[in-house]
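Undergrad: According to my numbering, the sequence shown holds residues 29 to 144 in order.
Where a beta carbon is used, it is the ideal one built from N, C-alpha and C, also for glycine.
Pasting a structure below so you can have a look.
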Amino acid sequence: MVQAHYFGLPSSLKEVATQKQTKKLRKERDEVVRERDELKAKLSAVSSELATYKKKEEDARYFSREKMKKEATRISREDELSRELKKAKAFISACGLSVDYQQFRYNSTTRKNVLE
Numbered sequence: 029m030v031q032a033h034y035f036g037l038p039s040s041l042k043e044v045a046t047q048k049q050t051k052k053l054r055k056e057r058d059e060v061v062r063e064r065d066e067l068k069a070k071l072s073a074v075s076s077e078l079a080t081y082k083k084k085e086e087d088a089r090y091f092s093r094e095k096m097k098k099e100a101t102r103i104s105r106e107d108e109l110s111r112e113l114k115k116a117k118a119f120i121s122a123c124g125l126s127v128d129y130q131q132f133r134y135n136s137t138t139r140k141n142v143l144e
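As structure tokens, this is what we get:
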């Protein structure tokens, strides 16, 4: 009888140890699952933010009709100003005022540099 009781004792200790180990493993698993869920939430937030950024970047590259019209207007305005500048320089040359114009340009750039 003592022998049967002796053999029964280790099996109950084994069960207690197994239960403790199982509890410990479950707790660790729950912690890891919680961390994984937090990381998934962070990943989701970051990926949605990145998608928003990429969408803005894509929209900036996309030429709409309005953007094309604005760009064409800007280019034509630059061309017009360039033609007017050439005409003004030609007129200055025709009047023999090139030296005075160069002196005026030198003085105005000097003033800008002094102001800065």
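#1: For tyrosine 90, does the three-state DSSP call read helix, strand or coil?
#2: Out of curiosity, what's the CA-to-CA distance linking lysine 42 and lysine 48?
#3: Look at the alpha carbon of phenylalanine 132 and the alpha carbon of serine 126, and state the distance between them as a whole number of angstroms.
#4: Could you check the C-alpha separation between lysine 83 and valine 74 for me, to the nearest Å?
TA: Well, looking at it:
#1: As a working note, residue 90 is residue 62 in the sequence shown. DSSP places tyrosine 90 in coil when its eight states are reduced to three.
#2: Counting from one through the sequence shown, the residue named residue 42 turns up at place 14. Counting from one through the sequence shown, the residue named residue 48 turns up at place 20. Rounded to the nearest angstrom, the two C-alpha atoms are 10 Å apart.
#3: Residue 132 sits at position 104 when you count from the first residue of the sequence shown. Residue 126 sits at position 98 when you count from the first residue of the sequence shown. So the two alpha carbons sit approximately 10 Å from each other.
#4: Numbered from 1 along the sequence shown, position 55 holds the residue referred to as residue 83. Numbered from 1 along the sequence shown, position 46 holds the residue referred to as residue 74. If you draw a straight line from the Cα of lysine 83 to the Cα of valine 74, it comes to about 14 Å.
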